[in-house]
Structure formats: C-alpha cells, structure tokens
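Structure record follows, encoded as structure tokens.
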Amino acid sequence: MEHEFDTDRSFAVRMDRKDPLSKYRQRFYFPPDKTYLNGNSLGLLSEEAEERLQNAVDEWKELAIQGWTEGDPPWFFMAETLGDKISEIVGAEPEEVIATGTTTVNIHSLVSTFYEPKKGRDKILADELNFPTDIYALEGQIELKGKDPSEKLKLVPSEDGRTLDEEKIVKMMDDDIALIHLPSVLYNSGQLLDMEYLTHEAHDRDIIIGFDCSHSVGCIPHSFDEIGVDYAVWCSYKYLNGGPGSTAFLYLNKRHFDKKPKLKGWFGYRKDEQFQMNLEFRHQRDAGGWQISSPAILNSAPLLGSIELIKEAGIDKIREKCKSLTSYFVYMVKEKLEGYDFSIGSPREADERSGHIALMHDRAREINTVLDEKGFVTDFRPPGTIRVAFSPLYNSFEEVWDTVEAIKDIMDKELYKDVETGEQLIT
Ligand SMILES: *Cc1c(COP(=O)(O)O)cnc(C)c1O
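For the sequence shown, position 184 (counting from the first letter as 1) is numbered 184 according to this note's numbering, and the numbering increases by one without interruption.
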C-alpha cells in the first residue's frame with residue numbers, strides 16, 4: 001500500500017478531496033487551535049450528539065417523570081434502543097446488545113456469570129498487555145469465588161512488550177482454563193487480535209471466550225454472531241464519541257440467554273413485568289437481563305446521535321479510511337523522520353492494527369510535551385510511546401502531514417532538549 005503515497009503536502013490535500021468521509025469533519029467540535037489526535041481516549045462531540053443531549057435535557061425540563069414513557073425514545077427503553085441501533089455495526093441481533101453501566105462494571109457482571117470454576121478447570125486466561133482495569137476485575141471475580149488470583153489468573157506473556165502472538169495464546173488454552181478474556185485491540189500498540197481464530201480455538205477446547213472491544217467498536221466492524229464469541233464489552237467514549245463517561249455496552253450471545261445474571265438488579269428484570277415489583281428475581285432472557293440499574297439517560301442520549309452518524313458514514317468506509325490514515329502516517333514517519341531514532345510500535349500491516357499508531361522514541365515524553373505546546377493533542381505512555389490516533393470520522397490526511405512535519409521540526413531544532421522532565425498527570 002505504501003507505494004501509493006507521496007511526501008508532498010499536495011498529496012494529503014488530494015487525499016482529503018477524494019475522501020468520501022471528509023464531509024463529516026465539519027459536524028464535530030474541535031478544541032480551538034488544536035490538532036486533535038486523541039480520539040482513541042476521548043472522542044469529540046458532534047452536532048448530532050449535542051442535539052440529542054440537549055433534547056434529553058429539555059425532556060427532563062418539560063416532561064419530568066413522564067420522560068420515562070413519553071421521551072424520544074422513552075427513557076424506559078433507552079438501553080434497548082441503543083443496543084438495537086449499534087447491533088448492526090458489531091454483527092449482532094438487537095436483543096444481544098444492551099447499553100448499560102460502564103465497561104469495568106460490565107466485565108464484573110459478565111464474568112460473574114461466565115466464570116464457573118470446577119475442579120481441574122478453574123483458571124482464567126488473559127494477557128499481560130491487557131488494560132489494567134480488566135485485570136483488576138478478573139482478579140476481583142476470582143477472589144469472590146474464594147480463590148487466589150496469583151494461582152488462578154494466567155497471563156499470556158508478550159515477547160516484545162508490545163504485541164501478542166496468537167499461537168502462543170492458543171498454546172496456553174489448557175484443560176484447566178474455564179474462561180478467556182482478551183482485548184480485541186491492545187490499548188498500547190493498537191494490535192488487532194484475530195478474534196475469529198481465537199474464538200474457534202477456545203470453543204474447540206470447550207472454553208468460554210469474551211472480548212473487551214473498547215478500542216475497536218466504532219472504528220472496526222465486528223461480526224460477533226458469525227464468529228460466535230460468548231460475550232463482549234466496550235466503552236462508548238472512544239471511537240463512538242459518546243462523551244466522557246458515557247454509557248457502555250455489552251453483548252451476550254443468544255445461546256446464553258438462559259444463563260443467570262449474578263450482579264442482579266431491577267433493570268435486569270423481565271421488561272414486561274418489571275413494575276409488578278416482585279421480590280423473586282426473574283431476568284429478561286436477553287442481554288437486557290444483565291442490566292443492573294436505571295439507564296443513565298444523560299450519559300446515553302449523545303449516543304443516539306453519534307451512532308447514527310457512524311452508521312450514515314458506514315463502518316466499512318470508516319475502517320478503510322482508518323487503514324489509509326495509519327498507513328500514510330507510518331509511510332511519512334519512515335520517509336521524513338529517518339535518522340531520528342523513531343520506531344513504529346504498532347503492527348506493520350494495516351489489517352492487524354486499529355486506529356492509532358504507537359510511535360516509539362527514547363525521548364518520547366519530552367517530544368510529546370513539545371507536541372502538546374504546539375497544539376497537537378497526542379498522548380504519552382511510559383516508558384517511550386507517543387500514541388497518535390486518527391479518528392476516521394473527523395481526522396484528515398492533512399493533519400497526518402502536519403503532525404509529521406511538526407515532529408520533524410522538533411527533532412531538527414532539538415526542542416525536546418529544553419523540556420523539564422517532571423512527573424506529569426497522564427490522562
Ligand atoms: C477504555 C477502556 C476501558 C475503560 O473502562 P471504564 O470502566 O469505562 O473506565 C476498559 N477496558 C479497555 C480495554 C479500555 O480500552
């Protein structure tokens with residue numbers, strides 16, 4: 001693919017002109033004077049999301065309690081409405097997806113159902129590059145079953161500290177594994193795991209497998225049903241642009257609808273009988289049964305707009321642009337930053353990575369600080385990674401060009417040498 005690119009700025013301008021998604025950029029609000037390359041941490045606000053949020057605020061003002069039945073959509077069905085809306089881009093049926101809680105809580109909720117340790121088969125398999133909160137949740141679930149995480153949680157090691165070898169993961173799918181919990185995309189290097197291969201291998205060994213897709217939904221199409229994953233969770237404030245702390249999602253494969261939720265709550269009750277207020281819990285026989293509390297309406301409403309925008313643009317086109325943007329960035333780094341000791345910490349093949357690139361350098365912390373001063377919003381991950389994310393709905397090829405040019409300027413003028421290296425708050 002690299003041969004298609006050119007280092008001249010006019011090339012980037014031409015790419016943006018040809019880009020079928022370029023018109024979506026103007027629907028988003030950008031922090032003033034910033035080049036925003038952090039959509040993998042917090043996606044930007046769109047006009048559509050703002051409108052739906054404002055609508056929910058107005059409904060609260062004007063309908064008050066009646067919003068539960070008269071809102072658009074009725075608040076009582078907000079979680080199901082969003083599950084329905086997003087199901088298509090994750091390859092699921094509407095009943096298999098629900099908008100609820102937050103990612104970490106949803107991991108607790110699903111793992112408490114699916115982790116059923118038996119004699120000789122009582123371990124959980126995850127990986128050492130997993131997002132910390134996922135590991136904390138898995139440890140907590142093991143402890144709740146009266147077991148010791150240092151014995152029962154097995155982590156697949158990484159050879160290079162950045163990526164995982166899928167065959168090595170499969171080699172660790174031993175008879176003593178009860179459950180596998182992996183990310184779709186590693187949050188640091190952006191590596192996209194082969195979910196289909198891993199799921200088939202797990203199921204061949206009768207092991208339940210679930211994925212945390214926080215770094216892929218909204219940027220990469222999924223086919224959960226076709227692959228047959230048992231469960232999935234994902235947050236909605238990264239590529240889904242739902243806003244800080246917006247309501248997360250969970251997917252439960254329909255073959256598990258009769259399993260029992262263990263973190264029970266009244267919003268997981270059979271929807272048609274919830275207000276009979278029985279003390280005997282009977283769960284809704286679909287993903288909705290794994291809700292716990294009332295839907296957070298104000299944290300959910302923006303998603304009505306932002307998911308619509310993603311579907312209008314088309315998740316396949318989004319994925320294509322995602323691959324082009326990251327490939328163009330990798331090409332530009334190679335061409336323009338040669339001799340400055342940078343390396344790419346993300347997989348080389350665009351098909352094997354998500355929407356961000358891990359740019360590695362010994363002075364990454366200082367370089368990132370100068371980038372920030374110049375108005376480029378990237379992020380630093382210790383010890384030596386700058387994560388540069390391209391959100392296909394609102395980032396442009398020109399921004400890729402400008403970013404590489406800014407880094408080149410920092411290196412040419414050795415601006416990173418003037419940076420004080422105190423501890424910074426990492427967000
Ligand atoms: C962003 C992210 C989370 C976030 O968890 P919250 O409970 O929403 O704070 C969890 N897991 C992964 C893999 C993530 O990328």
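Even glycine gets a Cβ: it sits at the ideal position worked out from N, Cα and C.
In the DSSP assignment, arginine 17 falls within the alpha helix (DSSP H) that extends over 9-18. For threonine 7, same chain residues with a beta-carbon under 6 angstroms away, outside a window of 5 residues either side, are Glu335 in chain order. Along the stretch 312-374, the alpha helix (DSSP H) occurs as fully enclosed runs of 4 or more residues at 315-336 and 364-373, listed in sequence order.
Here proline 244 has Leu42 and Tyr237 as same chain residues with Cβ atoms under 8 angstroms from its own Cβ, once five neighbours each way along the sequence are excluded. Taking the CA atoms as reference points, alanine 358 sits about 46 angstroms from arginine 282. In terms of Cα proximity to isoleucine 177, the closest of Asn130, Ser324, Ile407 and Gly120 is Gly120. Secondary structure at aspartate 212: strand, using DSSP grouped into helix, strand and coil.
For tyrosine 269, the secondary structure class from DSSP, reduced to helix, strand or coil, is strand. Taking C-beta separations shorter than 7 angstroms and ignoring five residues to either side along the sequence, glycine 339 has no partners in its chain. A distance below 8 angstroms between beta-carbons, with the five flanking residues on each side excluded, links glutamate 93 to the following residues of its chain, in chain order: Ser87, Asp225 and Lys254.
Taking all protein chains shown into account, isoleucine 65 has fewer than 16 neighbouring C-beta atoms within 10 Å of its C-beta and is therefore exposed. Non-local C-beta neighbours of serine 306 in its own chain, meaning closer than 7 angstroms and more than five positions away in sequence, comprise Ser46, Glu48, Ala49, Leu240, Asn241 and Gly242, ordered along the chain. In this structure, phenylalanine 376 sits away from tyrosine 328, with a CB-CB distance that is not shorter than 8 angstroms. Put simply, of Trp234, Asp258 and Lys260 the residue whose alpha carbon is nearest the alpha carbon of leucine 250 is Trp234. In this structure, ligand 1 has no non-hydrogen atom nearer than 7 angstroms to the beta-carbon of proline 382. Judged by beta-carbon spacing, leucine 192 lies beyond the 8 angstroms limit of serine 214, meaning their Cβ atoms are not closer than that value.
In the DSSP assignment, aspartate 127 forms a beta bridge with Val156.
In terms of CA proximity to aspartate 122, Leu179 leads the group Thr403, Leu179, Gln26 and Glu201.
Taking 3 residues as the minimum length, the beta strand (DSSP E) runs contained wholly in the stretch 83-151 are 97-99 and 123-127, in order along the chain. Looking at the backbone, the Cα of glutamate 366 and that of arginine 387 are separated by about 14 angstroms. For phenylalanine 397, the uninterrupted alpha helix (DSSP H) run begins and ends at 397-412, by DSSP. For glutamine 291 and glycine 265, the gap between their C-alpha atoms comes out near 7 angstroms. Not one heavy atom of ligand 1 falls within 7 angstroms of the beta-carbon of lysine 311. Its chain contains Ser189 and Gln191 as the residues whose beta carbon lies nearer than 6 angstroms to that of threonine 163, once the 5 sequence neighbours on both sides are disregarded; these appear in chain order. Using a Cβ distance threshold of 8 angstroms, methionine 173 and alanine 202 count as a contacting pair. The closest heavy atom of ligand 1 lies less than 7 angstroms from the beta carbon of alanine 248.
With 16 or more neighbouring CB atoms inside 10 Å of its own CB, lysine 323 falls in the buried class. According to the DSSP assignment, arginine 387 belongs to the beta strand (DSSP E) that extends over 385-389. Residue range 379-381 is occupied by the beta strand (DSSP E) that includes aspartate 379.
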